[in-house]
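Heads up: the structure comes next, in structure tokens.
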Amino acid sequence: MTAVIQTRHLSKSYGRVQAVHQLNLEIKRGCITAFLGRNGAGKSTTIKMLLGMIAPSAGEGTVLGLSIRDAEANREMRRRVAYVAENKPLYGYMTVGQTIRFASSFYPDWCADRAKDLVNRYELPIDRRVRLLSKGMRTKLALLLAFSRRPDLLILDEPSEGLDPVGIEELLESLAGQAAEGTTVFFSSHQIAEVERIADYVCVLERGRLMVDASLDHLRESYRRIELVFPSAPLEHDFCISGVERIREHGCAVSIFASGNADAVVERARDLHATSIEIAPVGLREIFLETVREG
Amino acid sequence: MLWYKAWLETRTRFLTCLSFLVAILVFFVHHAESILPAKSNGYELMFYAHFYLAALWVLSVVLLGMGGLLRERATGVSSFTVALPVSRERLVTVRLSVGVLQAVALAIVPWIAILLVSSSNGRPFPISQACFYVLLLIGGGLVYFAVAIFVSSIVEGEYTAPAVAYGVLILVAIVCGSVSKLRTYLDLWRFITGDRYYNRTTHLLSGPFPWFGIACCGCIAAVLFLGSLRATGNQDF
Amino acid sequence: MFFKLTPTTGQPLYLQLMQQVRHAVETGALQNGEQLPGIRTLAEELVVSPNTIAKAYSELEHEGILELRQGSGAFVCVKRRVLNLRDHMPSVQRRIRDLVDRLRDDGLQDDEIRRAFEAELLNPVEVARNA
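Residue numbers (this note's numbering), protein chains in the order written: chain A, 186 to 480; chain X, 266 to 502; chain G, 23 to 153.
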């Protein structure tokens, strides 16, 4: 599968603060990839570097095969990429209709029919100025500008912010629809439940570093929480097996969070005569929290 | 569509300034001409009218210089503009061009109004003189606009840039005013108001048209415009 | 035809969909020759990635349960093995009922029985054997 986004050692520092550190991303074509991370983890900075809005401090990358460091290539790339920034920026002095006309003039892949359909579906008042719209309507308009196109790549920064549950459901449906047309979707989100349903791949960023980069199916199959009870308190180093990420002990009870190799842990537990072995799947929320929180 | 956007962005500001300028000057000229003695040809009046126009024009033009990516960053909209598939140079150039056209309009339209008013009051003013005034104002005055554009490219904030630009212009005026050597060569204000070429006897602007002075001003303005292009090209949004 | 995919059960969504399609075919909810929704339609309806649907359909085609016709969609084409399975389902259900009754007699709660089954089925070795 070809990579739509590829970065090598991409870094950005502001003074002594490293916002993004040696990022090696590979986003696959035709897939929906979610970008998770705490506030300030570097997600928006990374996205802006990919789009040529922020100059990287080090490293390089390509989007749709075009280098992010080259201004000319960048411009060509932005023609084929639809981007909605975190704060859903729009010009307050334009009306809804003017905004749509303005945006449509820049992109050859604009679908006027789809735009019209979305205006009706979202019930946006065509002649009202953007600064007079409610937050929800502004969010929908910003998303409409992206979904009225058939771009090669769709990048969304926190798209569900400002949407009610119905809006979020419609958003996810639109993402599924875009992906079905062959658009690669790359979006950052805090809505883990939504990510868990719609994403094919997940990248977790913490303090500018890539901590997890895997397919959601792989995470579902590999990550396990193993609850063990022993006749007497075991030694922690008994469970220094590859795949074990975190061990919590409470007297004779041990809770192990493993990113893989659950069989080996179970076997070791049996060897140590565990009185109770329970294996449970781990949801994305728990994977995320265990990855970003300090031990 | 970038021109359309720049127009929508500055439309209210521009039309307000234009109406204000035209209204004030028409009122001034009409009222002043009605109390002029019958023998006076009113040319001296035009000099004062242009003086007021120049002052208001400079104030307006600094306001027109407001905008750009840095201001959009302060208001949270820069991510939209910068993500468009256009070069940063194009963004700055279009904004600049719309501003220059508006500045030119702000110089010409009030003068047309003045000419019409004095003509209807029976005190016609030579059009060549009017052109002299207008060209001095635009040719020299664009430096003020260029300063405003440059400041808006390096100072962030919704209203900070024009405030700083006003401050810079006042500072330069004070400095130029206090150093007499500078005053002779660099007093832009005397240049655009026509004070340098005003003949106190005939009350007309005389002498060869100062193309060299205009060219120098043009160069300064160009340098400032290039500076803003460069600054915008290097910034992170 | 109603499918429900649960993202939190530790099983990839495409496997869940495959199981549900197989179950529907076994119980007769999906008849031979019936057409399944298109990839895009089903993805938007279930609000999951179309790649999930595509993978499930593709795997089911390998198993011989579905036939993917270019341009038309996915059609159920039940082969011998599955027909046999459908005949066996009632006896399978009877065996499960007997086992659960016996475990209940031994004193196990329903929750404990469920957890024990899940733990056994989640073991990847077990999953590989059945695939």
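No residue lacks a Cβ here, since even glycine has one placed at the ideal position from N, Cα and C.
- When 7 Å is used as the limit between beta carbons, X:TYR463 is near no residue of chain A, the shortest such separation being about 42 Å.
- If you check each beta-carbon in the stretch 385 to 400 of chain A against every beta-carbon of chain G, the ones closer than 7 Å belong to ASP385.
- A:LEU413 and A:ILE462 do touch by the CB rule: their CB atoms are close to 6 Å apart, below 8 Å.
- What G:GLN33 touches in chain A, judged by beta-carbon distance under 7 Å, is ARG405, going in chain order.
- Only residues of its own chain outside the window of five on either side were considered, and among them GLU271 and ASP342 have a CB closer than 7 Å to the CB of A:SER229, listed in chain order.
- For G:ALA141, the chain A residues whose C-beta falls within less than 7 Å of its own C-beta are GLU463 and ILE464, listed in chain order.
- Contact annotation for A:ALA256 against chain X: SER352 [CB-CB distance below 7 Å, chain order].
- Secondary structure at A:LYS197: strand, using DSSP grouped into helix, strand and coil.
- Look at A:GLU346 here: in three-state DSSP terms it is coil, with no helix or strand label.
- With contact defined as three or more Cβ pairs closer than 8 Å, the stretch 348 to 362 of chain A and the stretch 61 to 79 of chain G are in contact.
- In the three-state DSSP reduction, A:PRO419 falls in the coil class, being neither helix nor strand.
- The three-state reading of DSSP puts X:PHE390 in coil, since its state is none of H, G, I, E or B.
- Taking a beta-carbon distance threshold of 9 Å, A:LEU413 does not count as an interface residue toward chain X.
- Contact between X:PHE397 and X:PHE474 holds, with the beta-carbon distance rounding to 7 Å and staying under 8 Å.
- Listed along chain A, no residue sits closer than 9 Å to G:ALA78 by beta-carbon distance, the nearest being about 11 Å off.
- Pairing A:GLY468 with A:GLU381 gives a Cβ-Cβ distance under 9 Å.
- Neighbours of X:GLY341 in chain A, taken as residues whose beta carbon is under 7 Å from its own, are ASN272 and PRO274 in chain order.
- Using a CB distance cut-off of 9 Å, A:GLU366 counts as an interface residue toward chain G.
- The three-state secondary structure of A:LEU330, taken from DSSP, is helix.
- X:ALA370 carries a helical assignment under DSSP once its states are collapsed to helix, strand and coil.
- DSSP places A:LEU395 inside the beta strand (DSSP E), whose first and last residues are 394 to 400.
- Contact of X:GLU309 with chain A is not assigned, every C-beta pair being separated by 9 Å or more.
- Within the stretch 408 to 485 of chain X, the runs of alpha helix (DSSP H) at least 4 residues long that lie entirely inside it are, in chain order, 425 to 443, 445 to 451 and 453 to 458.
- Contact annotation: in the stretch 235 to 251 of chain A, residues whose CB is within less than 9 Å of a CB in chain X are LEU236, GLY237, MET238, ILE239 and ALA240.
- For A:GLY246, there is no enclosing alpha helix (DSSP H); the enclosing beta strand (DSSP E) covers residues 243 to 248.
- Of all C-beta pairs linking the stretch 377 to 390 of chain X to the stretch 280 to 296 of chain X, three or more are shorter than 8 Å, placing the two stretches in contact.
- Counting C-beta pairs with one atom in each stretch, the stretch 243 to 254 of chain A and the stretch 400 to 413 of chain A have fewer than three that are closer than 8 Å, which means they do not touch.
- Annotation for X:VAL363: TRP268, ALA271, TRP272 and THR275 place their beta carbon closer than 7 Å to its own, counting only its chain and skipping 5 residues before and after.
- Your pair A:LEU208 and A:THR231 checks out as a contact, with CB atoms roughly 6 Å apart and the cut at 8 Å.
- Looking at X:ASP460, X:PHE390 and X:ALA413, the one whose alpha-carbon comes closest to that of X:ILE485 is X:ALA413.
- Using beta-carbon distances, X:VAL416 does not count as an interface residue toward chain A, since no partner is under 9 Å.
- DSSP lists G:LEU58 and G:LEU90 as the bridge partner or partners of G:ALA96.
- Identification of chain A residues near G:ALA65 by a Cβ-Cβ cut-off of 7 Å yields ALA361 and ALA365, ordered along the chain.
- The continuous alpha helix (DSSP H) containing G:PRO72 extends over residues 72 to 85.
- Around the beta-carbon of X:CYS441, 16 or more other beta-carbon atoms lie within 10 Å, marking it buried.
- Apart from the 5 residues on each side of it in sequence, G:ALA76 sits with its Cβ closer than 6 Å to the Cβ of ILE61 in its chain, given in chain order.
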